[in-house]
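Okay, structure first, notes after.
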Amino acid sequence: MAEPQTPKSSSGGATFLLDFFRTRPWAKRVVSVLSALLLIGGVALLAYPFATNLYQNRLQDKLSKQFASQSLKQKYRNRAIGVGDSLTRIKVPAIRVDVVVVEGVTPTALRAGAGHYPQTPLPCEKGNVAIAGHRTTYGKPFADIDQLRVGDQIELDTPIGGCIYQLKRPPFVVDKSDLSVLNQTNDKTLTLTSCHPKGSAAKRIIVKADWVKDLQGV
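Residue numbering for the sequence shown follows my numbering, starting at 311 and increasing by one per position.
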């Protein structure tokens with residue numbers, strides 16, 4: 311009776327591949343190029359958040375100067391703020407946020423870190439003011455908005471004044487397609503939106519706050 315054949319070791323295939331690459335100069339070059347590309351890709355992936363944060367930091371310096379200018383004050387009064395222009399400064403002491411918010415929520419505008427939904431009222435006006443912000447890149451100003459609690463306050467300063475809002479409910483999560491959070495209200499309210507969870511755009515985390523008081527001479 312014939313003896314059963316012994317299964318070939320799977321290591322034989324690996325050995326063949328190693329010998330193949332060792333004996334062919336062009337194959338060695340391919341491996342070298344692939345290794346270099348993988349290394350570059352890994353470095354780029356790690357450096358991307360740092361690069362966006364650096365960009366946002368420099369942009370914030372420019373926006374802060376624009377925010378303090380007389381020309382912006384006049385544009386604000388005339389409701390002539392353009393996309394990408396400074397609109398308001400948001401301060402959230404509970405999570406150490408203090409950044410200039412620009413007009414618009416386009417990808418380019420949001421490189422500032424946070425942007426105002428143009429279809430919503432100007433800060434401190436009647437209705438639902440809405441602001442979007444990044445959580446993991448471009449300064450990640452909204453990184454910790456999930457940690458806000460009932461009673462925490464949010465200050466919005468504008469070129470002509472300012473106001474304070476206060477959370478009346480904890481942050482909550484909705485589908486990214488749920489735009490009802492931007493619906494208008496009869497009262498002065500504020501809505502903050504950002505991607506959720508961090509590093510994903512699958513859903514949106516929402517913060518809702520009610521107007522408390524106006525500030526003069528901010």
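The beta carbon of each residue, even a glycine, is placed where N, CA and C say it ideally should be.
Using three-state DSSP, classify residue i as helix, strand or coil.
{"i": "Leu-382", "result": "helix"}
{"i": "Ala-511", "result": "coil"}
{"i": "Leu-397", "result": "strand"}
{"i": "Leu-540", "result": "This structure leaves residue 540 out entirely; the chain is present only between 311 and 528."}
{"i": "Ser-319", "result": "Legend: pLDDT at Ser-319 = 47, less than 50; position of this residue unreliable, value from coordinates given subsequently. The answer is coil: DSSP assigns Ser-319 none of H, G, I, E or B."}
{"i": "Ala-312", "result": "Bear in mind that a pLDDT of 49 at Ala-312, under 50, signals an unreliable position, so the number given afterwards is only what the model happens to contain. In the structure shown, Ala-312 sits in coil (DSSP, three-state: anything other than H, G, I, E or B)."}
{"i": "Lys-375", "result": "helix"}
{"i": "Val-484", "result": "strand"}
{"i": "Leu-458", "result": "coil"}
{"i": "Ala-453", "result": "coil"}
{"i": "Asn-363", "result": "helix"}
{"i": "Ile-405", "result": "helix"}
{"i": "Val-491", "result": "helix"}
{"i": "Gln-526", "result": "coil"}
{"i": "Ala-419", "result": "helix"}
{"i": "Arg-389", "result": "coil"}
Between the Cα of residue i and the Cα atoms of the options, which residue gives the shortest distance?
{"i": "Gly-392", "options": "His-426, Lys-401 and Asn-367", "result": "His-426"}
{"i": "Gln-380", "options": "Ile-455, Ile-470 and Val-409", "result": "Ile-470"}
{"i": "Ala-378", "options": "Ser-396, Gln-366, Val-407 and Arg-389", "result": "Ser-396"}
{"i": "Arg-445", "options": "Val-402, Ala-511 and Thr-416", "result": "Ala-511"}
{"i": "Ile-516", "options": "Ser-490, Lys-498, Gly-509 and Thr-495", "result": "Ser-490"}
{"i": "Glu-435", "options": "Arg-389, Leu-373 and Lys-513", "result": "Arg-389"}
{"i": "Thr-430", "options": "Glu-413, Pro-417, Ala-419 and Ala-422", "result": "Glu-413"}
{"i": "Lys-508", "options": "Asp-485, Gln-366 and Asp-454", "result": "Asp-454"}
{"i": "Lys-383", "options": "Pro-428, Gly-472 and Ser-487", "result": "Gly-472"}
{"i": "Val-484", "options": "Thr-495, Asn-496 and Lys-518", "result": "Lys-518"}
{"i": "Asn-363", "options": "Gly-394, Ala-424, His-506 and Gln-476", "result": "Ala-424"}
{"i": "Lys-486", "options": "Thr-495, Gln-476, Leu-477 and Lys-513", "result": "Lys-513"}
{"i": "Leu-373", "options": "Ile-400, Arg-387, Val-411 and Pro-359", "result": "Val-411"}
Who does residue i pair with in a DSSP beta bridge?
{"i": "Leu-432", "result": "According to DSSP, Leu-432 bridges with nothing at all."}
{"i": "Asn-438", "result": "Thr-499"}
{"i": "Ser-504", "result": "Ile-515"}
{"i": "Tyr-475", "result": "Ile-464 and Trp-521"}
{"i": "His-426", "result": "Glu-413 and Ile-441"}
Might you give, ordered along the chain, the residues of its own chain that have their beta carbon closer than 6 Å to the beta carbon of residue i, omitting 5 neighbours on each side?
{"i": "Ile-474", "result": "Gln-463, Glu-465, Val-522 and Lys-523"}
{"i": "Thr-468", "result": "Thr-398 and Pro-433"}
{"i": "Lys-498", "result": "Lys-436 and Trp-521"}
{"i": "Leu-369", "result": "Ala-422"}
{"i": "Pro-451", "result": "Val-407, Val-409, Gly-423, Ala-424 and Gly-443"}
{"i": "Val-402", "result": "Ile-464"}
{"i": "Lys-385", "result": "Ile-391"}
{"i": "Lys-478", "result": "Asp-520"}
{"i": "Gly-449", "result": "Asn-363, Gln-366 and Gly-423"}
{"i": "Pro-359", "result": "Thr-447"}
Tell me which same chain residues have a C-beta within less than 7 Å of the C-beta of residue i, skipping the five on either side of it?
{"i": "Asp-456", "result": "Pro-481 and Ile-515"}
{"i": "Leu-525", "result": "Gly-471, Gly-472, Cys-473 and Ile-474"}
{"i": "Glu-313", "result": "Residue confidence is low: Glu-313 scores 49 on pLDDT, short of 50, so the model does not pin down where it sits. Its coordinate-derived value is still stated next. Cβ neighbours of Glu-313 beyond the five flanking positions: none."}
With a threshold of 8 Å on Cβ separation, who are the neighbours of residue i within its own chain once the five nearest residues in sequence on each side are excluded?
{"i": "Asn-564", "result": "Residue coverage of the chain in this structure runs from 311 to 528, which leaves residue 564 outside it and unanswerable."}
{"i": "Asp-371", "result": "none"}
{"i": "Ala-404", "result": "Gln-457, Leu-458, Arg-459, Asp-462 and Gln-463"}
{"i": "Pro-428", "result": "Val-393, Glu-413, Gly-414 and Val-415"}
{"i": "Ile-495", "result": "Position check: residue 495 holds Thr in this sequence, whereas Ile was assumed. Correct list, in chain order: Gly-437 and Asn-438."}
Verify the CB distance criterion: does residue i have a CB-CB separation below 8 Å to chain C?
{"i": "Cys-434", "result": "In summary, chain C is missing from the structure at hand, where a single protein chain is found."}
Item to check | Three CB pairs or more closer than 8 Å across the stretch 438-446 and the stretch 491-503 | outcome: yes
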